[in-house]
Amino acid sequence: MDQVKKSIIKKDAFALISGMPVYTDDLAPKDALVIKILRSPHPFARIKNIDVSEALKVKGVELVLTHKDVPRKPITRAGQGYPEPSPYDKFILDEYVRYVGDEVAIVAAEDEFAAEEALKKIKVDYEILEPVLDFEEAECNTSIIHPEKEAFSQFDIGYMPEKNIAASYSMEVGDVDKLIEECEKDPDCVLIKRRYYTQAQAHVMLEPHASFAYIDLHGRLVIVSSTQTPFHVRRQVSMVLDIPIKSIRVIKPRIGGGFGGKQALHGELITALVTWKTKKPSKLVYTRREVFEATYTRHPMRFDITLGAKKDGTLKLIDVEVLSDTGAYGEHALTTLMVAGSKTLPLYNKVEGVRFRGKVVYTNKVPAGAYRGYGAIQGNFVLESAMDELAQELGIDPVDLRLKNVIREGETSPIFKIMGEGREGVEMIVRSCKLEEAIKRVVELSGWKEKRSKSERNGSKVRGLGFAIAMQGSGIANIDMASAILKLNDDGSFNLLVGATDLGTGSDTILAQIAAEELGVSTDDIIVYSSDTDLTPFDTGAYASSTTYVSGNAVRLAAKKMLKLIKEEAAKMLNVSPDEITWDGKVLRAGDKEISLKDLATKLYYTENQKQLVADASFVGPESPPPYAATIAEVEVDTETGKVDVLKYYTVLDIGTPINPNLAKVQVEGATMQGLGMTLYEDVKYSGTGRLLTNNLMYYKIPSRLDVPEIHVEFLESYEPTGPFGAKSVAEIGIDTPPAAVANAIYSAVGVRIRELPITPEKVFSALKGGMKS
Amino acid sequence: MIPFRFSYHKPSSLSEAFEILSEDGAVPMLGGTDLVVKMRAKRVTPKVVVDLKFIDELHNVSFSEDEGLVIGAAVTMNELIEDFAVVKERFPVFYQAIKKVGAYQTRNRATVAGNIANSSPAADSVPPLLTYNAKVKVVSADGERLVELKDFFTGPGRNVLKPGEIIHSIIVPYESPSIGMYYKISRIKAVDLSTIGVALTIIDPDGKRDIRVALASVAPTPVRAFKAEDYIRDKELSASSVERFAELVQESTSPITDARGSKEYRWEMAKVLPKRILRELGLFEGVA
Numbered sequence: 010m011d012q013v014k015k016s017i018i019k020k021d022a023f024a025l026i027s028g029m030p031v032y033t034d035d036l037a038p039k040d041a042l043v044i045k046i047l048r049s050p051h052p053f054a055r056i057k058n059i060d061v062s063e064a065l066k067v068k069g070v071e072l073v074l075t076h077k078d079v080p081r082k083p084i085t086r087a088g089q090g091y092p093e094p095s096p097y098d099k100f101i102l103d104e105y106v107r108y109v110g111d112e113v114a115i116v117a118a119e120d121e122f123a124a125e126e127a128l129k130k131i132k133v134d135y136e137i138l139e140p141v142l143d144f145e146e147a148e149c150n151t152s153i154i155h156p157e158k159e160a161f162s163q164f165d166i167g168y169m170p171e172k173n174i175a176a177s178y179s180m181e182v183g184d185v186d187k188l189i190e191e192c193e194k195d196p197d198c199v200l201i202k203r204r205y206y207t208q209a210q211a212h213v214m215l216e217p218h219a220s221f222a223y224i225d226l227h228g229r230l231v232i233v234s235s236t237q238t239p240f241h242v243r244r245q246v247s248m249v250l251d252i253p254i255k256s257i258r259v260i261k262p263r264i265g266g267g268f269g270g271k272q273a274l275h276g277e278l279i280t281a282l283v284t285w286k287t288k289k290p291s292k293l294v295y296t297r298r299e300v301f302e303a304t305y306t307r308h309p310m311r312f313d314i315t316l317g318a319k320k321d322g323t324l325k326l327i328d329v330e331v332l333s334d335t336g337a338y339g340e341h342a343l344t345t346l347m348v349a350g351s352k353t354l355p356l357y358n359k360v361e362g363v364r365f366r367g368k369v370v371y372t373n374k375v376p377a378g379a380y381r382g383y384g385a386i387q388g389n390f391v392l393e394s395a396m397d398e399l400a401q402e403l404g405i406d407p408v409d410l411r412l413k414n415v416i417r418e419g420e421t422s423p424i425f426k427i428m429g430e431g432r433e434g435v436e437m438i439v440r441s442c443k444l445e446e447a448i449k450r451v452v453e454l455s456g457w458k459e460k461r462s463k464s465e466r467n468g469s470k471v472r473g474l475g476f477a478i479a480m481q482g483s484g485i486a487n488i489d490m491a492s493a494i495l496k497l498n499d500d501g502s503f504n505l506l507v508g509a510t511d512l513g514t515g516s517d518t519i520l521a522q523i524a525a526e527e528l529g530v531s532t533d534d535i536i537v538y539s540s541d542t543d544l545t546p547f548d549t550g551a552y553a554s555s556t557t558y559v560s561g562n563a564v565r566l567a568a569k570k571m572l573k574l575i576k577e578e579a580a581k582m583l584n585v586s587p588d589e590i591t592w593d594g595k596v597l598r599a600g601d602k603e604i605s606l607k608d609l610a611t612k613l614y615y616t617e618n619q620k621q622l623v624a625d626a627s628f629v630g631p632e633s634p635p636p637y638a639a640t641i642a643e644v645e646v647d648t649e650t651g652k653v654d655v656l657k658y659y660t661v662l663d664i665g666t667p668i669n670p671n672l673a674k675v676q677v678e679g680a681t682m683q684g685l686g687m688t689l690y691e692d693v694k695y696s697g698t699g700r701l702l703t704n705n706l707m708y709y710k711i712p713s714r715l716d717v718p719e720i721h722v723e724f725l726e727s728y729e730p731t732g733p734f735g736a737k738s739v740a741e742i743g744i745d746t747p748p749a750a751v752a753n754a755i756y757s758a759v760g761v762r763i764r765e766l767p768i769t770p771e772k773v774f775s776a777l778k779g780g781m782k783s
Numbered sequence: 021m022i023p024f025r026f027s028y029h030k031p032s033s034l035s036e037a038f039e040i041l042s043e044d045g046a047v048p049m050l051g052g053t054d055l056v057v058k059m060r061a062k063r064v065t066p067k068v069v070v071d072l073k074f075i076d077e078l079h080n081v082s083f084s085e086d087e088g089l090v091i092g093a094a095v096t097m098n099e100l101i102e103d104f105a106v107v108k109e110r111f112p113v114f115y116q117a118i119k120k121v122g123a124y125q126t127r128n129r130a131t132v133a134g135n136i137a138n139s140s141p142a143a144d145s146v147p148p149l150l151t152y153n154a155k156v157k158v159v160s161a162d163g164e165r166l167v168e169l170k171d172f173f174t175g176p177g178r179n180v181l182k183p184g185e186i187i188h189s190i191i192v193p194y195e196s197p198s199i200g201m202y203y204k205i206s207r208i209k210a211v212d213l214s215t216i217g218v219a220l221t222i223i224d225p226d227g228k229r230d231i232r233v234a235l236a237s238v239a240p241t242p243v244r245a246f247k248a249e250d251y252i253r254d255k256e257l258s259a260s261s262v263e264r265f266a267e268l269v270q271e272s273t274s275p276i277t278d279a280r281g282s283k284e285y286r287w288e289m290a291k292v293l294p295k296r297i298l299r300e301l302g303l304f305e306g307v308a
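Rendered as structure tokens:
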């Protein structure tokens, strides 16, 4: 282990910090047509008439498109593997607009001024329809958001548009109603039923959504996009615009953050359409306001949870019912719902009964989509808050309650088989799980026992500690596929070509480390090129915590093959059998004969046994091994103002082998801050008429540098036998625990239980004072 | 980018500035920390932007006990508090409030005059200036006038400046030593507007002890709580008098609900914070 478990600096770090032009907008042709979108001012309306004649007269305007000018083909922009578990309910442009921000018309012009001017001159006559703004009133509302007959789902996802339901799901192990009934009667049993809410959350990646397109010398369409899923972009653009896949190339340059927000297609369909029609380069860079108003949020959810346990703390049953709000379009509707169960319920695998049901409804609001943590953070807040409430009822330390019930190495859960993502999952034995050890370690690190036993008060401020655990997955088992190609150069270095998408995470570096480790060379000798549909092999993309595990396994397999090829060629050169070859990373030897890799590579190119050594491999995860986290947050609550300060945050994780410990640590720190943002600050607010109020960074607040607590991240190493060098995923696990850990800490400090995120000072103040006068 | 065309000028004298400002659609700019943000969002679409920060005379800062502190309009907040120790020594509440404006980077460009001219009810530098009875020197091609800061604001984003008029300087009279506190509640610790801001200044704490209070983000303009000040003048700070004082501060507000907070919470905090500041200053013991 020489190249992995090593904190190598990200390969692109210097270019990024020195401000080299590496992002989409930096690379766009200077003469690209500038695209601007006219967006709906109404939450729900039908376009009766749209007149673009004046807009077309604006000097410099090249093209104006309305729903009459674009192919009427339903799609899902979700950016998932095909066939997607999301309804095909979106058109590039439609006669109906379904939220404030929905696309009405597309303008392409020589410059931004002309495009803006043209936007103002488009006359739209709307028939305003009654919007559905409250997701609890969406089902069977008289306003039907998707009446169009073309919309459909690829397979059964519980899609019922006539009821405003985008997806629905239910599953049950054991007879939960009967268990609840028994528990109610049993004096030795405690039952708690609670309702919780989680809010929408914006990704706030630094680089907004951006793409540009041009036609290459062969007449092919090239799309450069800040995307997490270049191959899905190629497939979807082909499908909707009826351009053969072979005529499209999608390239992802550096990305300034995605967090799931760039899993979907947003601008790509539009730049592709404009360039295909005009044969001129075009670009579309979203404004920050558009990122807020017209991309995605996290799915807001309502949960009703019932937990039943014996008085000794043995958990008997978990029953969860969810209502999820997907906004105007159903992207990721089913899967975020299912993940709220599938990535939480296996934590407590010894229950006698577990049930999970839910519906995902349409509303006339900003569509919800993928966001780091994807259902899991919502489900985790609820399950782990409820476990804390249960511990309180039982009079058991919340840590002891978890230790009594958590999943352990070598065990399984029926959930793994029943709940996949959008379909059935796979059976899985948990081969690596240091959750119990992580719990014990975080208890020790944080001083839980000593600090819980005495409450610390300083004037109006009271401190408290809260505990939560979490699990995630590593890619989507049996669905996500990744592949890699390695090519030997004449200096003995290697090109590594991967479809995997580094969105700032450092995956290019991590994949190079995996290749280097397997080949026995230095990571510096691996030149990575990623995410180009013409030049790199397929990868589903960067989502679902998949890259290290799924793409990493593909890279490792390719490296293994490459090493075998090298030894075979060396054996030929040295006239020995391949088994006799030994390899130290520089020189291949057999007895007293030797040849350096560089000499071998040069000979292969120019003089002897001439050939290019290339190795490739593909990988589909047969399982999705979960990483685990155990977290304790220490907070200080100001009882006079309701302000909550997170002082210290301890999190101990089992992510298998950390390939690059530093990059793994910053993933956890970043995820923690996004989780704390959702917990305490990030509040999406709408006006009464369905307009997003929090549409800029003045109104929508993510934590600032000064809001970062003392964060202690520790990895408790395990070895995942199915992972590359024992690795599991790390991208999402860190975001799951903050909401429950903080909510539980607040309860511990001041005895108020906030069941609705975000936990604003107002909610804490109001709960402390028993309400506020209005 | 700013999605419309405009011309940009940087006059080096006031007379030159007045001339350009007389053009149709001209607006003055100092640090640009409000204006540029609004322009990018198309909330303000001037045809002409007149940058005043290249006019030397707007960069003056002076202090004397008789004349008070005079702050030229173009002096940035960081220049003011880092280069002029007198601000922290003589006007501690003003000093504290400036440090709460935006982030350090914002204060590298932002000016107190701009904060006043923008006339946001949330302007952090304004409540302490109100407690120090600050005045605004306004100039135009037609001459100059002095406006009491308390009379300057007419509503959210509105003030008494007439077309062609600009702020020349802020004058903060010096009365005596003072103590106090600016307490800001915001959602995050930096780069955020106040949900509520309370400046409580005690002029001559060891002598006549004049307690003054002004608040941000609880009314259409920053407000000073004169009634509360009158009530507490010459009274012992007892549990009951402080309670009444805080109620009167609260009654001087008329908060609304917006993206940063609800009117109910602001109303409650308008009473909690004055008590809390008095306690933290060691002048009162009790819960807020």
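One line per chain: the protein sequences are G and R, in this order. For the first sequence, the numbering used here begins at 10 and goes up steadily by one. For the second sequence, the numbering used here begins at 21 and goes up steadily by one. Ideal Cβ positions, reconstructed from N, Cα and C, are used throughout, including at glycine. Predicted model, so just to flag it, every value in this text is computed and none were measured.
Determine the chain R residues that contact residue i at a beta-carbon separation under 9 Å, and present them in chain order.
i	result
G/N705	V57, A61
What residue range is occupied by the uninterrupted beta strand (DSSP E) comprising residue i?
i	result
R/K155	155-160
R/E168	163-168
G/K470	470-480
According to DSSP, which residues form a beta bridge with residue i?
i	result
R/M97	DSSP, once it has assigned bridges, lists no residue as partnering R/M97.
G/N504	G/K496, G/I536
G/Y690	In DSSP, G/Y690 forms no bridge with anything.
G/A639	G/I478, G/V661
G/D654	G/E645
R/D230	R/I223
Quick check: what's the CA-CA separation for residue i versus residue j?
i	j	result
R/S82	R/L100	10 Å
G/G651	G/V759	10 Å
G/Y756	G/N467	17 Å
G/I46	G/K271	18 Å
G/A477	G/G419	22 Å
G/E361	G/I189	11 Å
If the criterion is Cβ atoms closer than 8 Å, does the pair residue i and residue j meet it?
i	j	result
R/V64	R/E43	no
R/T126	R/R232	no
G/T344	G/E430	yes
G/Q32	G/P262	As written in the sequence, residue 32 of chain G is Tyr, which differs from the Gln given in the question. Their beta carbons are under 8 Å apart, which means G/Y32 touches G/P262 by this criterion.
G/Y371	G/A175	yes
G/I201	G/A395	yes
Which residues in chain G have a C-beta closer than 8 Å to the C-beta of residue i? List them in chain order.
i	result
R/L213	M707
R/A308	S469, E649
At a CB-CB cut-off below 7 Å, which residues of chain R make contact with residue i?
i	result
G/T731	Those do not exist, as G/T731 stays about 41 Å from chain R at its closest Cβ, beyond 7 Å.
G/Y690	R207, I208
For residue i, return the contacting residues in chain G, with the cut-off set at a CB-CB distance below 7 Å.
i	result
R/K209	S713, L715, D716
R/F24	F122, E125
Is any heavy atom in the ligand ZN found nearer than 7 Å to the beta carbon of residue i?
i	result
G/K778	As presented, the structure is devoid of all ligands, the ligand ZN included, so that no description of it is given.
For the alpha helix (DSSP H) that residue i lies in, which residues bound it at each end?
i	result
G/I101	Premise fails: G/I101 is in no alpha helix (DSSP H) and is neither H nor E.
G/A524	516-528
G/T335	That residue, G/T335, is in no alpha helix (DSSP H); its beta strand (DSSP E) goes 324-336.
R/I297	283-300
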